[in-house]
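Visitor: Structure provided below as structure tokens; questions to follow.
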Amino acid sequence: MGHDPQMLKGVLAPLLLLLLDRRTDYGYSVVTRLHEAGFDELGEATVYPALTRLEKAGLLASELRPSTSGPARKYYTTTPAGRAEHVRLLGAWRQLATAVETVIEEER
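Under my numbering, the first residue of the sequence shown carries the number 9, and numbering increases by one thereafter.
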């Protein structure tokens, strides 16, 4: 069973900022990391445009680096604004998750 696409829209930016704050990386590797975490439905066609949006918003910076196995790769890292947004979004996510858990527990 896959994740709900509407829910994924709301968590993609925070996930990308978190992953890239932990480690500078290139797009395909980020997709692989998301798959390893269980987000199999998040492919390149979803992740690459999101990376571009975050970069245009000033939350990510990028640089081309040579690759030993083909053309240069575009590596992304969070900017100071991206780190601040990551912290803000993580706090908002935790508040939301706590509220959802409260409702779920009331149902039991």
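Ideal Cβ positions, reconstructed from N, Cα and C, are used throughout, including at glycine.
Since we're looking at a predicted model, the values are computed, not measured.
#1: First and last residue of the alpha helix (DSSP H) that includes residue 99?
#2: Hey, out of 24, 80, 47 and 38, whose CA is closest to residue 13's CA?
#3: Please state if the CB of residue 85 and the CB of residue 25 are separated by a distance shorter than 8 Å.
#4: Which residue wins for smallest C-alpha separation from residue 41, given the options 105, 58, 92 and 23?
#5: List the whole-angstrom C-beta distance separating residue 59 from residue 90, where the pair is believed to meet the contact cut-off of C-beta under 8 Å.
#6: Return the CA-CA distance between residue 104 and residue 78, expressed in angstroms with no decimal places.
Guide: According to the data block:
#1: 88-115
#2: 47
#3: no
#4: 23
#5: Contact between residue 59 and residue 90 is ruled out by a C-beta separation of about 11 Å, above the 8 Å threshold.
#6: 42 Å
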